[in-house]
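Going from the sequence shown to this note's numbering is simple: count from 1 and add 3.
The beta-carbon is built from N, C-alpha and C at its ideal position, and this holds for glycine as well.
As structure tokens, the structure follows; a few thoughts come after it.
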Amino acid sequence: MANQEQAGAWTKAFELGKFIRKSSEFRNHITKGGAFDVESGRYHLYVSHACPWAHRTLITRTLLGIEDHISFDVVDWRMNRDGSWSFNPDEKGATHDSIHGASHLEDVYERAYPGWNESRNIGTVPVLWDRKQDTIVNNESREIIRMFDTFYEAGLGNGTTLSPVSLRKEIDAMIDANYESVNNGVYKSGFARTQSAYDEAVTALFHRLDQLEEHLANRDWLVGEGVGQLTEADVCLFTTLARFDIVYVVHFKCNIRRIIDYPNLQAFLERMMKVPGVKETCHWHHIKAHYYWSHQNINTFRIIPSGPHEGIHTL
Ligand SMILES: N[C@@H](CCC(=O)N[C@@H](CS)C(=O)NCC(=O)O)C(=O)O
């Protein structure tokens with residue numbers, strides 16, 4: 004019944020020209036002593052450097068200091084018209100599939116879920132792969148970054164946590180408040196197929212950005228006492244805002260204002276870029292080329308704009 008209701012809501016939204024994000028299919032969790040136990044060298048990430056959701060996982064992996072425990076491969080920035088990612092080690096910053104030697108990410112999904120390609124499901128990044136059970140643990144970025152905390156709890160990281168238990172409620176509320184309006188909001192603006200769907204999405208997006216600008220007036224980070232402390236909520240906002248001025252303003256028509264026009268949001272981005280390790284996870288060429296090249300439905304000739312010449316990508 005719940006599924007039927009959901010399907011009905013999706014059909015209605017689709018008819019109204021709205022972008023509808025599919026929910027992630029693999030929702031297992033790493034837990035101490037569980038079927039997916041906390042083990043060094045067991046898990047592997049498949050990411051795209053272009054993707055804001057995948058970027059969250061790489062930043063978290065770096066900040067927690069679990070690079071030696073979780074490996075990763077990077078797909079080519081080109082996402083084909085059918086939505087498929089491929090491995091292309093000849094492309095700078097991309098790699099081959101070091102576990103399966105697959106040519107496409109769908110082959111990795113097929114291995115975890117035989118029949119995947121036939122049912123024409125699309126394989127999204129990020130993917131958290133389990134070498135031991137030879138399957139996908141989870142493909143939902145928000146859950147992947149939270150389960151990385153099990154490595155912190157097991158003493159395997161550098162002693163950093165981005166989701167201290169005492170702040171989890173606040174962190175979750177902040178991530179929720181930004182998800183539909185900002186993180187998904189840029190996609191809802193860019194992929195809208197009617198004026199009203201676009202208007203609704205872009206209005207909600209900038210309403211939330213205005214609120215965040217005010218929220219950050221007297222604080223450095225989104226959550227926590229005083230000026231706050233760096234948490235998952237900041238990582239989740241950062242990866243969307245980092246792409247805003249160089250891609251979303253033009254490609255997704257999110258042009259009411261730029262982030263550089265918001266002093267506090269811009270300062271937040273610059274602050275994040277100074278956190279050791281964050282800058283190294285930002286691959287601007289993959290980000291820019293991916294969007295403008297891949298979505299030919301909204302950029303027919305795949306022309307990549309030359310600007311902007313100012314912004315955090317120049318830091
Ligand atoms: N809910 C997922 C979203 C992941 C997602 O949509 N990734 C995009 C790249 S930015 C993707 O792989 N898209 C493939 C497609 O749509 O065909 C998460 O947060 O992990």
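Residue i: first and last residue of the uninterrupted beta strand (DSSP E) it sits in
i: Y46; result: Y46 to V50
i: L131; result: V130 to D133
i: N267; result: Run containing N267: none in the beta strand (DSSP E); it sits in the alpha helix (DSSP H), P266 to K277.
i: I139; result: T138 to N141
Residue range of the alpha helix (DSSP H) that includes residue i
i: F199; result: First, the residue type needs correcting, since residue 199 is Ser and not Phe in the sequence shown. Its alpha helix (DSSP H) spans residues Q198 to H218.
i: A236; result: E235 to R246
i: H316; result: Careful: H316 lies outside any alpha helix (DSSP H) and carries neither H nor E.
i: W296; result: W287 to S297
Proximity of residue i and residue j at Cβ, strictly below 8 angstroms
i: F29; j: H47; result: no
i: I290; j: R246; result: yes
i: V111; j: F39; result: no
i: I148; j: R59; result: yes
i: H312; j: W287; result: no
i: N221; j: R24; result: no
i: E146; j: H293; result: no
i: S184; j: T234; result: no
i: G160; j: I263; result: no
i: L225; j: M177; result: yes
i: H72; j: G37; result: no
i: R196; j: G20; result: yes
i: G280; j: L66; result: yes
i: L212; j: Y265; result: yes
i: I267; j: L219; result: In the sequence on display, residue 267 carries Asn and not Ile. Yes, they are a contact pair.
Spatially closest choice to residue i from the options, by CA coordinates
i: A236; options: K172, E8 and P311; result: K172
i: T243; options: E217, F271 and A200; result: F271
i: S89; options: V50, F209 and S166; result: V50
i: E42; options: S297, L215, E94 and D152; result: D152
i: D100; options: V78, R114, G86 and W119; result: V78
i: G158; options: K35, H298 and T303; result: K35
i: E216; options: Y251, Q198 and R261; result: R261
i: S27; options: I73, Y116 and E143; result: E143
i: A53; options: L212, L61 and W80; result: W80
i: I62; options: E8, V168, M82 and T284; result: T284
i: Y251; options: P279, G310 and G280; result: G310
i: N124; options: E109, E273, R134 and R114; result: E109
i: H298; options: M82, D133 and Y182; result: M82
i: Q269; options: S199, A12 and G314; result: G314
i: S199; options: Q9, E94 and F22; result: F22
i: L318; options: L240, P308, V278 and S87; result: V278
i: I249; options: V168, V230, P308 and T138; result: P308
i: Q232; options: S169, H210, K282 and F209; result: S169
i: D133; options: S122, E8 and A115; result: A115
Distance cut-off 7 angstroms: residue i Cβ against heavy atoms of ligand 2
i: N142; result: In the structure on display, ligand 2 does not appear, and the ligands it does have are ligand 1.
Residue i at chain B interface by Cβ criterion, 8 angstroms
i: V78; result: Absent here is chain B; the protein component of the structure consists of one chain.
Three or more C-beta pairs under 8 angstroms: does that hold for the stretch 189-200 against the stretch 251-266? Cβ pair count under 8 angstroms is three or more, so yes.
Taking the runs of the alpha helix (DSSP H) that are 4 residues or longer, which of them lie wholly in the stretch 12-72? Look at the stretch 12-72 and you find these whole runs of alpha helix (DSSP H), each 4 residues long or longer: 55-66.
The stretch 7-22 contacting the stretch 126-134, beta-carbon criterion three pairs below 8 angstroms: With the cut-off at 8 angstroms, the stretch 7-22 and the stretch 126-134 do not touch.
Every unbroken alpha helix (DSSP H) inside the stretch 64-128 [4 residues or more]: Segments of the alpha helix (DSSP H) lying fully in the stretch 64-128: 108-115.
Segments assigned beta strand (DSSP E), at least 3 residues, entirely inside the stretch 149-193: Runs of the beta strand (DSSP E) inside the stretch 149-193: none found.
Are at least three pairs of beta-carbons, each pair with one atom in the stretch 104-118 and one in the stretch 202-210, less than 8 angstroms apart? Using a Cβ-Cβ distance cut-off of 8 angstroms, the stretch 104-118 and the stretch 202-210 are not in contact, since fewer than three pairs of beta carbons, one from each stretch, lie closer than that value.
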